[in-house]
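Okay, so here's the structure we're looking at.
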Amino acid sequence: MHIYNDIPYIDDNDPKHRLDLYIDEEKQQQQHQKPAQLVVYIHGGAWRMGDKREFSALCEGIVGAAGGSVAVAAINYRLSVRGDAQTRHPMHLNDVLAAIRFLTAPGAEYPGSGRVDAGRTVLAGHSAGAHLAMLVALQQSPTATTTAAVVGVVGVGGIYDIPDLVATYPSYADFIDMAFTETQRVTASPYHVARTQDVLATGIRFLLINSTADELVPSVQAASMARQLVARECADVSLAVRDIGTHDGELFTEQF
Numbered sequence: 021m022h023i024y025n026d027i028p029y030i031d032d033n034d035p036k037h038r039l040d041l042y043i044d045e046e047k048q049q050q051q052h053q054k055p056a057q058l059v060v061y062i063h064g065g066a067w068r069m070g071d072k073r074e075f076s077a078l079c080e081g082i083v084g085a086a087g088g089s090v091a092v093a094a095i096n097y098r099l100s101v102r103g104d105a106q107t108r109h110p111m112h113l114n115d116v117l118a119a120i121r122f123l124t125a126p127g128a129e130y131p132g133s134g135r136v137d138a139g140r141t142v143l144a145g146h147s148a149g150a151h152l153a154m155l156v157a158l159q160q161s162p163t164a165t166t167t168a169a170v171v172g173v174v175g176v177g178g179i180y181d182i183p184d185l186v187a188t189y190p191s192y193a194d195f196i197d198m199a200f201t202e203t204q205r206v207t208a209s210p211y212h213v214a215r216t217q218d219v220l221a222t223g224i225r226f227l228l229i230n231s232t233a234d235e236l237v238p239s240v241q242a243a244s245m246a247r248q249l250v251a252r253e254c255a256d257v258s259l260a261v262r263d264i265g266t267h268d269g270e271l272f273t274e275q276f
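Residue numbers (our numbering): 21 to 276.
The structure is reproduced here in structure tokens:
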């Protein structure tokens with residue numbers, strides 16, 4: 021396993037504009053494998069906390085389980101700060117798009133790029149990260165340079181309908197307001213984007229996962245999102261709802 025740490029996807033000094041690339045180059049060479057399919061992992065944390073390094077074990081596990089046929093890029097993005105309106109949406113989304121653009125641009129060169137097939141990129145995210153992954157898939161045309169390479173989205177414990185989440189848990193308004201204006205609660209919710217706008221990326225494969233033991237994000241978020249994707253004629257939508265642990269623990273259970 022080789023880990024390329026802190027690759028800048030924007031040329032500045034902001035540590036939130038960095039990503040780590042996990043790739044098993046040795047196994048690729050031993051088995052004469054083709055370049056590894058790229059998975060971009062987007063961490064959660066209510067758009068206000070979290071760091072890519074917290075998920076190093078998860079990223080290594082994904083690469084290992086795939087036998088070296090997959091590489092994982094875990095990205096950081098800027099986080100919302102209380103009282104700073106400049107750190108609200110679409111700041112997080114813009115950073116994620118910049119990272120995807122950096123990784124998938126034709127002829128892109130970065131450490132490990134020669135071992136990666138970025139033309140078949142899967143976006144994977146947890147909680148707020150799943151929200152961002154879904155927005156990328158829904159708001160961009162599959163022929164756009166930003167997302168042309170995206171072929172799949174995996175959302176775990178995802179937040180897709182912000183107004184419904186706040187209605188269920190009114191106390192969440194505290195951190196939601198750090199990241200979104202009142203209007204953006206709707207316009208930045210993937211469920212409402214899919215319901216009110218044309219969904220161009222109907223060829224993307226979607227897998228939405230939610231744990232019945234998730235105490236922070238109810239399964240109805242994933243179920244409603246899946247139904248909306250099907251209603252908009254997305255061809256490949258899968259929904260998995262079962263007990264795989266708590267919200268913060270579900271990524272690290274044997275069941276997952």
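Here a beta-carbon is modelled for each residue, glycine too, at the ideal position from N, C-alpha and C.
Determine the burial state of residue i: buried for a count of at least 16 other Cβ atoms within 10 Å of its Cβ, exposed for fewer.
i    : result
V171 : buried
E270 : buried
T165 : The predicted position of T165 is uncertain, since its pLDDT is 49 and thus under 50; a value taken from the coordinates is nonetheless stated next. Burial call: exposed.
N114 : exposed
P126 : exposed
G149 : buried
S258 : exposed
M21  : exposed
Looking at the structure shown, is residue i part of a helix, part of a strand, or coil, going by DSSP?
i    : result
T163 : Residue confidence is low: T163 scores 46 on pLDDT, short of 50, so the model does not pin down where it sits. No coordinate-derived value is stated.
G172 : strand
L236 : coil
I30  : coil
S145 : The question names Ser, yet the displayed sequence has Gly at residue 145. Strand at G145.
I179 : coil
D184 : helix
R68  : coil
By alpha-carbon positions, which one of the options ends up nearest to residue i?
i    : options               : result
A56  : Q217, A243, A85       : A85
Y189 : L236, S258, L155      : L236
D197 : I62, L99, S258        : L99
V90  : I30, A138, K72        : A138
D104 : D34, T201, T207       : T201
A233 : A208, D263, I23, Q248 : D263
A242 : A251, L249, N230      : N230
S76  : N96, R68, A66, S133   : N96
F272 : R102, A128, W67, V176 : V176
R38  : Q204, D44, Y130, E45  : Y130
R73  : A93, G88, G87         : A93
V206 : H146, Y180, D40       : Y180
R68  : Q106, I27, A157, D32  : Q106
C254 : D44, T203, V261, D218 : D218
Locate the alpha helix (DSSP H) running through residue i, then write down its first and last residues.
i    : result
F195 : 193-199
L123 : 111-124
I264 : It is not in any alpha helix (DSSP H) - I264 carries neither H nor E in the DSSP assignment.
L99  : Premise fails: L99 is in no alpha helix (DSSP H) and is neither H nor E.
L78  : 76-85
R205 : 204-207
Q51  : Note, Q51: premise wrong, no alpha helix (DSSP H); not H, not E.
Considering residue i, what are the terminal residues of the beta strand (DSSP E) in which it resides?
i    : result
P210 : Per DSSP, P210 belongs to no beta strand (DSSP E); it is in the alpha helix (DSSP H), 210-216.
D44  : It is not in any beta strand (DSSP E) - D44 carries neither H nor E in the DSSP assignment.
F226 : 225-231
Verify the contact flag: residue i, CB atom, against every heavy atom of the ligand GTP, threshold strictly below 7 Å.
i    : result
T203 : This structure lacks the ligand GTP, and indeed carries no ligand of any kind.
So is residue i in contact with chain B if we call contact Cβ pairs under 8 Å?
i    : result
I182 : No chain B appears in the structure shown, which is made up of a single protein chain.
Any idea which residues DSSP pairs residue i with across the strands?
i   : result
N25 : In the DSSP output, where bridge partners are listed per residue, N25 has none listed.
Q57 : V90, D137
L39 : I27, I95
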